[in-house]
Each structure stands twice: as C-alpha cells, then as structure tokens.
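The structure appears below as structure tokens.
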Amino acid sequence: MKSRILLLVLVAVLFAAIGVQASQPQIKASQPALTQGLNVPILLYHRLGPAVVDGMTIKTSVFEEHLKYLKANGYHVIPLKALVDYYYKKGPAPGPKSVVIVEDDAHKSVYTEMLPLAKKYNIPVTVFVYPSAISNAKYAMTWEQLKELKKNGFDIQSHTFWHPNFKKDKKKMTPAEFEKSVNTQLKKSKARLEEKLGGTVDMLAWPFGIYDDYLLKKATEAGYRATFTIEAHHATSRDSVMKLPRYLLINADQGKNFARIVEGSAPKRNIVY
Ligand SMILES: [Zn+2]
1 MKSRILLLVL
11 VAVLFAAIGV
21 QASQPQIKAS
31 QPALTQGLNV
41 PILLYHRLGP
51 AVVDGMTIKT
61 SVFEEHLKYL
71 KANGYHVIPL
81 KALVDYYYKK
91 GPAPGPKSVV
101 IVEDDAHKSV
111 YTEMLPLAKK
121 YNIPVTVFVY
131 PSAISNAKYA
141 MTWEQLKELK
151 KNGFDIQSHT
161 FWHPNFKKDK
171 KKMTPAEFEK
181 SVNTQLKKSK
191 ARLEEKLGGT
201 VDMLAWPFGI
211 YDDYLLKKAT
221 EAGYRATFTI
231 EAHHATSRDS
241 VMKLPRYLLI
251 NADQGKNFAR
261 IVEGSAPKRN
271 IVY
C-alpha cells in the first residue's frame, strides 16, 4: 500500500514537472529572445557650457566633437523609445552602430546649447525631468522651453518629482512614510509632465542612480515600462528593460576616451555623482 501511494506521488510529481516544462515554451513564444548582438551605449549628459564650471558640465565644443565623431564613424543616434520598444518587441532591432543620447535634470543649457546642436546634427534626445524645478529653479528650463524641445523632436520623460535621495529617505522615514513618498515621487512626476506637455511619460531615470527591487516594483505599479541607472556599460539583450545602464559622461571623455566608451572598451570607473 505504502509503495502504491509513493508511486502515485511520484507520478503526480512527474506530471507537475511535465506541466511546468510544457508551459515554458509558451512564455518564451510570447517574449522571443532579443537579438544576441544588441549592444547600445546610452550616453548621459547633464550640463553644457563654454567652460567646465563643475563636474557635471561638459564643454559645448566637446559635445559637438562627440556628435561629429559619431557621424564620421557611422554611428546612428536613435531615440531612447526605439530601444525600449525593441525590448518589448514593438519595434525593429536597433542597427549595429546605434547610440542613444539622454540628459538628466533639465538644465537650462539643454535649451541654449544642446538644442541648436541637436538640430544641426539632426539627432533625437531624451530629457529626464523632475517637474518641481521647471519654471522654478534658476538653473532649470521653463515649461515653455520644454514645449519647444518637444516640437524639435526631444522626448521628455520622468526623473521623479523633486529628485529625492531614496537611500537617505528610506533610512529616515517609517516604511509607511517611505512608501507614500515613493508613490508621490513616481506618480506626481508622470502626471505633471503629461498634463503640461501632453504625450505619454512611461520612462524613468533614477535620481543618483539609486534603485532596488522595491523601487523597481513601485515604478512598474506607477506605469513606467522602462527605468534607467548609471551603470556604465552597453545595453544588451541580457539587461532588464527596467534597469537599463547609462554612461555618465564628464568633460574628460574626449577623443580616444569617448571612442572607447562608445565601442564598449573603456576601463570601468567609479562614478561620483
Ligand atoms: Zn539627476
């Protein structure tokens, strides 16, 4: 009797195992594997200007050198959305020499320095904005300027509402306070940007590159379909669309240094944000 029960249990386990295996190809069929060759650097800028006044500023002339280098060497700057669409199988695979250009914080130099060059070289740029600064902080752009960027092909996406440090917030807040704050930061930013500028805001750049599993879950719940870190490597088929890497560029990234970053052969460096 005992052996018969054991046999039944074994058969049940076997069927369960077959069932699990049989269901796997169906999951794979709806999410086919991405092209193995996917290898796209996402280049992150903050501020441009005639002089390097802080660690986050890149000379406008250096930025133009970057664009010239990309053009002269057969690279194509593609919209960030095109890369994300590909991860969702809603768009074609990016070409072999694709590059993405983004900016964080909506500094006013995006309007005065980056926009003219983006027009000159006909490149798409995605700007990650924290709306509390817009038409408010001296260093940031206005809503009118953001509207003009949009008219010129820029995509405007979320960088939370006021750029909090989630690591510090988590330490000083109760879990309930933290959850409320995270929800506000993620949802209010998306809602304000959509209300002011129209269109869909469904991409998020993590302030200071800080994220964890809890924050990723919250971002999904808030309606984001892609989020971005500052881990310095190319976006490949092994990366999750919910934590795509970006190279935080500095003014020293010129000439060979820049070429190595784009090629993916630059030595790893510690990022001081
Ligand atoms: Zn930022």
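With the numbering used here applied, the sequence shown corresponds to residues 1 to 273, in that order.
Just so it is clear, CB atoms sit at the ideal spot from N, CA and C, and this is done for glycine as well.
All of these numbers come straight from a predicted model, not from anything done at the bench.
Pull every residue with its beta-carbon under 6 Å away from any heavy atom of ligand 1, and keep them in chain order.
Ordered along the chain, the selected set is D104, D105, H159, H163, P207.
Starting from the C-beta of P207, find all residues in its chain whose C-beta is less than 8 Å away, skip the five residues before and the five after it, and write them out in chain order.
Within the same chain, P207 has close Cβ partners Y130, H159, T160, H163, P164, N165, F166.
Does the beta-carbon of E113 have 16 or more other beta-carbons within 10 angstroms, so that it is buried, or is it exposed?
Buried, since its Cβ has 16 or more Cβ neighbours within 10 Å.
Do T229 and K217 have their beta-carbon atoms positioned less than 9 Å apart in this structure?
Contact: no.
Any idea which residues DSSP pairs A140 with across the strands?
Beta-bridge pairing links A140 to H107.
Identify, in the order they occur along the chain, each residue of the same chain with its Cβ nearer than 7 Å to the Cβ of D169, setting aside the five sequence neighbours on each side.
Cβ within range, chain order: F178, S181.
Helix, strand or coil, according to DSSP, for S237 in the structure here?
Note: S237 maps to coil in three-state DSSP.
Evaluate contact between the region 138 to 153 and the region 99 to 115, counting only Cβ atoms and requiring at least three cross-stretch pairs below 8 Å.
Flag = yes, the region 138 to 153 and the region 99 to 115 touch.
By Cβ distance below 7 Å, which residues in the same chain neighbour I261 in space, the five residues on each side in sequence not counted?
P41, Y247, D253.
From this set, S98, Y214, A82, D54, which residue's C-alpha is nearest H274's C-alpha?
Look at the range of the chain in this structure, 1 to 273, and you will see that residue 274 is not part of it.
Please state the DSSP three-state secondary structure of R47.
R47 falls in the strand class under three-state DSSP.
Strictly by DSSP, which residues pair up with H76?
According to DSSP, which records beta bridges pairwise, H76 is partnered with S98.
Please identify the residue among D213, Y211, S189, Y214 whose C-alpha is closest to the C-alpha of D202.
If we check each option's Cα against that of D202, S189 comes out closest.
DSSP three-state label for D155, please.
Strand, per DSSP.
Between A137, A259, T126, which lies nearest to K151 when the distance is taken from Cα to Cα?
That would be T126, whose Cα lies nearest to the Cα of K151.
Output the boundary residues of the beta strand (DSSP E) element that contains I58.
Taken as a continuous stretch (DSSP letters only), the beta strand (DSSP E) holding I58 covers 57 to 59.
Hey, how far is the Cα of R238 from the Cα of A93?
When rounded, the distance between both Cα atoms is 15 Å.
Between which two residues does the beta strand (DSSP E) carrying F228 extend?
Run containing F228: 226 to 228, per the beta strand (DSSP E) assignment.
Let me confirm a value: K119 is counted as buried when at least 16 other C-beta atoms fall within 10 Å, else exposed. Which label applies?
Exposed.
So what's S30 in DSSP terms, helix, strand or just coil?
Confidence at S30 is low in this model, with a pLDDT of 44, below 50, so its placement is unreliable and the value that follows should be read with caution. Helix, per DSSP.
May I ask you to report which of helix, strand or coil DSSP gives N183?
Three-state result, N183: helix.
Can you tell which of A232, L193, G95, G153 has its C-alpha closest to the C-alpha of I123?
Among A232, L193, G95, G153, the Cα nearest to that of I123 belongs to G153.
Pull up the distance between the alpha-carbon of L43 and that of Q185, whole angstroms please.
Using only the alpha carbons, I get a separation of about 24 Å.
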